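Let me begin by presenting the structure, written as structure tokens, before commenting on it.
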Amino acid sequence: MADKTPVILVPMGFSEQSIQALDQALVFAKAMKASILLLAINNNDIHLREIFGVKDRKEDIHDKLEAKLNSIAAEHSASSGIAIEAMLTEGVVYEEIDRVSKEKDVDLVIMGTNGKPQNLRKRFIGSNAFRTVTLVDPPVITIKGIRNISSIKTIIFPLVLDRRSKEKVGPALHYARLFGAKIKVVSVLIEEDKEKVLKAHLKQVETFIKDHGIECTSEIIKPSKQQKGIVRNTLKYAYENEGDLMIITEDSKERDFTDFFIGTDVQAMIYHSEIPVMSITPSEVKWAAMWENM
Numbered sequence: 269m270a271d272k273t274p275v276i277l278v279p280m281g282f283s284e285q286s287i288q289a290l291d292q293a294l295v296f297a298k299a300m301k302a303s304i305l306l307l308a309i310n311n312n313d314i315h316l317r318e319i320f321g322v323k324d325r326k327e328d329i330h331d332k333l334e335a336k337l338n339s340i341a342a343e344h345s346a347s348s349g350i351a352i353e354a355m356l357t358e359g360v361v362y363e364e365i366d367r368v369s370k371e372k373d374v375d376l377v378i379m380g381t382n383g384k385p386q387n388l389r390k391r392f393i394g395s396n397a398f399r400t401v402t403l404v405d406p407p408v409i410t411i412k413g414i415r416n417i418s419s420i421k422t423i424i425f426p427l428v429l430d431r432r433s434k435e436k437v438g439p440a441l442h443y444a445r446l447f448g449a450k451i452k453v454v455s456v457l458i459e460e461d462k463e464k465v466l467k468a469h470l471k472q473v474e475t476f477i478k479d480h481g482i483e484c485t486s487e488i489i490k491p492s493k494q495q496k497g498i499v500r501n502t503l504k505y506a507y508e509n510e511g512d513l514m515i516i517t518e519d520s521k522e523r524d525f526t527d528f529f530i531g532t533d534v535q536a537m538i539y540h541s542e543i544p545v546m547s548i549t550p551s552e553v554k555w556a557a558m559w560e561n562m
């Protein structure tokens, strides 16, 4: 039986960020030898109607969405040589992304985000990007479109004192091999008494990655009292080291009400990172075998 062709799902909201996400998805598709599923979701959203110049909420914009979607798919497929399938559905954005990703056995989701929602209601329910990250099974790459990439040379790997944080080693190795990239493992020291343990974790991960043939370095950041914060210091490190992709771990099982209202490090990374962020939801068993003998 022939190997399955990988599928990258790209949600299309017809905004500048979603067009840029499609452009970035082509970079991954070429490396992965993948096809792209371009998914538009008609959710009767006011912003979607504004894009298409439709003010009457009773007017059906299905045909306009479908025509524009097919045009974008055809144009990008012709210019890139990548197979792009267009699909239009109706429903709640993140729920449809999850449903279609399962139905089509998607390997990767790449979507645009315009940053942190500004009003209280949006902070409470979460952005489509964050809700997608916490809902779907495959890795999700979120893109703001500020620092676009033509390839991946450096992968930034933030590490915290949590066993689940190591579970992104497998995906990091996979994409490092695809692009011939190096990996930079970094930890921000928040509690000084944890430095010895943190160094041991860093060395363990660095050694493991090197043993699998990937160039790797590791570093602990000791922030000043005025510049504390994992997200702030990790992003600063990523920019200074010309990172092309950051891989973080998201665990939806531990979220509660306050995550939507106050925010988490995962949300902050997605909202503020100028480089693409890949969010991995840890599997209970998928990568666990890597660490049995360590």
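Read left to right, the sequence shown gives residues 269 to 562 (our numbering).
Cβ coordinates follow ideal geometry from the N, Cα and C atoms, glycine included.
All of these numbers come straight from a predicted model, not from anything done at the bench.
C-beta neighbour in chain B for residue i, strict 9 Å
| i | result |
| --- | --- |
| Q285 | In summary, chain B is missing from the structure at hand, where a single protein chain is found. |
For residue i, the first and last residue of its enclosing alpha helix (DSSP H)
| i | result |
| --- | --- |
| S339 | H330 to S348 |
| K298 | E284 to M300 |
| E371 | V361 to E371 |
| V401 | N396 to L403 |
| E508 | I498 to E508 |
| G438 | V437 to F447 |
| V534 | D533 to H540 |
Nearest residue (CA-CA) to residue i, options the options
| i | options | result |
| --- | --- | --- |
| I420 | Y443, T402, I414 and Q472 | Y443 |
| I458 | M379, K301, V499 and I276 | V499 |
| E474 | T517, D461, K490 and I423 | I423 |
| I488 | I516, T532, L470 and G481 | L470 |
| P279 | I378, E334, T502 and K493 | I378 |
| T517 | Q535, T532, S547 and P491 | S547 |
| L503 | I482, V534, F296 and S339 | V534 |
| K493 | G321, E343 and E460 | E460 |
| G481 | G438, A468, K467 and K464 | G438 |
| K496 | D375, S455, A351 and N382 | S455 |
| K462 | S486, G448, V428 and K436 | V428 |
| S348 | L307, G359, A297 and K464 | A297 |
| L307 | A346, D271, H315 and G380 | G380 |
| Y362 | D405, Q472 and S283 | D405 |
| E334 | Y539, S369 and M355 | M355 |
| N382 | G448, V401, S486 and S283 | S283 |
Cβ shell of residue i (< 7 Å), same chain only, five flanking positions each side left out
| i | result |
| --- | --- |
| I543 | R415, A506, G511, D512, L513 and M514 |
| L446 | A299 and M300 |
| A342 | none |
| F525 | Confidence at F525 is low in this model, with a pLDDT of 35, below 50, so its placement is unreliable and the value that follows should be read with caution. Same-chain partners within the cutoff: there are none. |
| L466 | L429, S455, L457 and I488 |
| D527 | Note that D527 scores 36 on pLDDT, short of 50, meaning its location in the model is unreliable; the coordinates nonetheless yield the value given after this. Closer than 7 Å at Cβ, skipping near neighbours: no residue. |
Paired residues, beta bridge with residue i - DSSP
| i | result |
| --- | --- |
| L307 | P279 and M355 |
| I411 | G380 |
| F425 | V453 |
| S487 | Looking at the sequence shown, residue 487 is not Ser but Glu. E487 is bridged to V454. |
| V545 | T410 and M514 |
Beta strand (DSSP E) segment containing residue i, residue limits
| i | result |
| --- | --- |
| K467 | Taken as a continuous stretch (DSSP letters only), K467 belongs to no beta strand (DSSP E), being part of the alpha helix (DSSP H) at E463 to D479. |
| G380 | L376 to G380 |
Residues of its chain near residue i, where Cβ-Cβ distance is below 6 Å and the 5 sequence neighbours each way are ignored
| i | result |
| --- | --- |
| T273 | S303 |
| E353 | L305 |
| R389 | At R389 the pLDDT is 39, less than 50, meaning the model places this residue with poor confidence; the figure from the coordinates comes in the next sentence. For R389, where only same-chain residues beyond five positions count, there are no Cβ hits under 6 Å. |
| T357 | I309 and E364 |
| C484 | I451, E474, I477 and K478 |
| I287 | none |
| E318 | none |
| R523 | Below a pLDDT of 50, predicted positions are generally treated as unreliable, and R523, at 44, falls in that range; no measurement from the model is reported. |
| I329 | F320 and V322 |
Per-residue burial, residue i [other beta carbons within 10 Å of its own, 16 or more giving buried]
| i | result |
| --- | --- |
| Q285 | buried |
| N312 | exposed |
| A289 | buried |
| G281 | buried |
| F392 | The predicted model places F392 with a pLDDT of 35, which falls under 50 and marks its position as unreliable, so this point remains unresolved. |
| Q292 | buried |
| G413 | buried |
| K436 | buried |
| H344 | buried |
| S339 | exposed |
| V360 | exposed |
| D366 | buried |
| A346 | exposed |
Same chain only: Cβ atoms within 8 Å of residue i, ignoring 5 sequence neighbours per side
| i | result |
| --- | --- |
| N509 | T422, I424 and K452 |
| I417 | Q292, V295, D512, L513, I543 and P544 |
| N501 | V456, I489, P491 and Q495 |
Any non-hydrogen atom of the ligand HEM within 8 Å of residue i CB
| i | result |
| --- | --- |
| L503 | Absent from the structure shown: the ligand HEM. Ligands present: none. |
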